[in-house]
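Everything in the sequence shown is counted per UniProt numbering, starting at 1 for the first residue and increasing by one. Glycine included, C-beta positions come from ideal geometry on N, C-alpha and C. Here the structure is a predicted model, which means the values were calculated and not measured. Since the structure comes first, as structure tokens, the remarks are kept for the end.
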Amino acid sequence: MTRTPKKDPIQEAGVSRHAAVPAEKNAHPAPHSPAETAAWLSPEVAKPHYWQRFLHLCRRHVRTILVCVALLCFLAILEDVWFGEIVRLDTLGYHFIVENRSDAVTPIMEEITSLASPVVLLVMLVIVAAFAPGRRPGLCATVNLVLVVLLNSVLKFIVHRPRPEGFRLISETGYSFPSGHSMVSMAFFGLLVWMIWRYDEDRTLRMLWSLFFVAVIALVGISRIYLGVHYTSDVLAGFCTSLIWLAFYTKVVAPVFLSEPVNPSAHRLKRIVEAPRHSK
């Protein structure tokens with residue numbers, strides 16, 4: 001009995017077996033060079049949802065990111081100061097700021113540094129209490145300021161770093177690390193920035209006020225170096241300390257004194273932060 005061989009349906013249709021392979025398999029040949037690999041992968045990496053997911057995570061954890069960065073910077077500076085090492089930042093600050101003094105700039109720096117003086121801050125507290133929204137904004141700003149001053153005094157007592165000698169333009173007493181003016185300006189004006197973003201619905205005004213207060217904070221720190229009463233590391237450590245403090249204060253203490261935010265962006269940010277907590 002003769003067995004009839006089975007016919008290949010592809011060959012029976014008159015189509016070559018090699019031609020029956022789907023074109024999709026050969027549409028993206030495997031690249032060989034690094035340039036080809038990058039070009040091949042770039043459409044996948046550049047898809048919007050990857051960056052949106054990354055930005056969404058950064059937004060949700062912005063407070064944690066700020067605290068971690070500020071804490072690492074503070075500890076790095078503190079290590080050098082504690083062991084009496086020469087901080088490179090101090091040398092750079094001296095060369096770029098102190099050595100370029102002028103008679104025209106000095107009075108301006110003296111006025112700028114007074115923005116973090118007790119008299120000016122007292123006037124600012126009265127203005128905040130009178131015009132800022134919320135239940136008790138004046139009390140919120142006052143408690144913040146008092147606690148920051150106490151924290152600065154404790155840190156200065158622990159570190160015991162003497163002030164710079166030989167190039168002071170004004171007289172100051174007490175220890176140098178961290179800078180009290182820098183801590184106070186960052187804590188006070190930083191809290192005002194947080195309150196503005198919490199209550200002001202005008203995005204343009206929020207940006208303008210934020211840029212203004214950030215400039216004030218930076219100029220106060222620069223003025224302390226220019227006037228020769230602080231090292232650059234003192235100023236940066238003061239900023240880092242107050243950033244960490246503000247992250248805690250605006251999360252735990254400030255909401256006790258203030259009402260719910262009226263800014264829609266603040267509402268959305270609050271929902272983003274609290275969403276994982278409610279889902280558990």
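- Shortest Cα-Cα distance from Ala116 to any of Phe177, Ala187 and Ala76 involves Ala187.
- Cβ-Cβ distances below 6 Å link Cys73 to Cys240 in the same chain, with the five nearest sequence neighbours on each side left out; the list follows chain order.
- Counting only residues of its own chain and dropping the five nearest sequence neighbours on each side, Ala254 has a CB closer than 6 Å to the CB of Cys140.
- Looking at the backbone, the Cα of Arg163 and that of Arg224 are separated by about 11 Å.
- Taking a cut-off of 8 Å for Cβ pairs, the segment 214-222 and the segment 98-107 do not touch, as fewer than three such pairs fall below it.
- Between Trp194 and Asn144, the alpha-carbon positions lie close to 13 Å from each other.
- Distances from the alpha-carbon of Thr91 to those of Gly138, Gly228 and Leu71 put Gly228 closest.
- For Arg63, same chain residues with a beta-carbon under 6 Å away, outside a window of 5 residues either side, are Ala247 in chain order.
- Distances from the CA of Tyr249 to each of Leu147, Arg198, Asn152 and His181 were compared; the closest alpha carbon is that of Leu147.
- In the structure shown, Gly190 adopts helical secondary structure according to DSSP, grouped into three states.
- In the DSSP assignment, Leu227 falls outside any alpha helix (DSSP H) and carries neither an H nor an E.
- Closest in C-alpha terms to Leu169, from the list Ile97, Met207 and Phe83, comes Ile97.
- Inter-residue distance for Pro118 and Leu78 is about 27 Å (C-alpha atoms, whole angstroms).
- Annotation for Leu92: the continuous alpha helix (DSSP H) segment containing it runs Arg88 to Phe96.
- Cα atoms of Leu205 and Gly180: separation of roughly 29 Å, rounded to the nearest angstrom.
- Secondary structure at Tyr199: helix, using DSSP grouped into helix, strand and coil.
- When the Cα atoms are used, Trp82 and Met109 turn out to be separated by approximately 29 Å.
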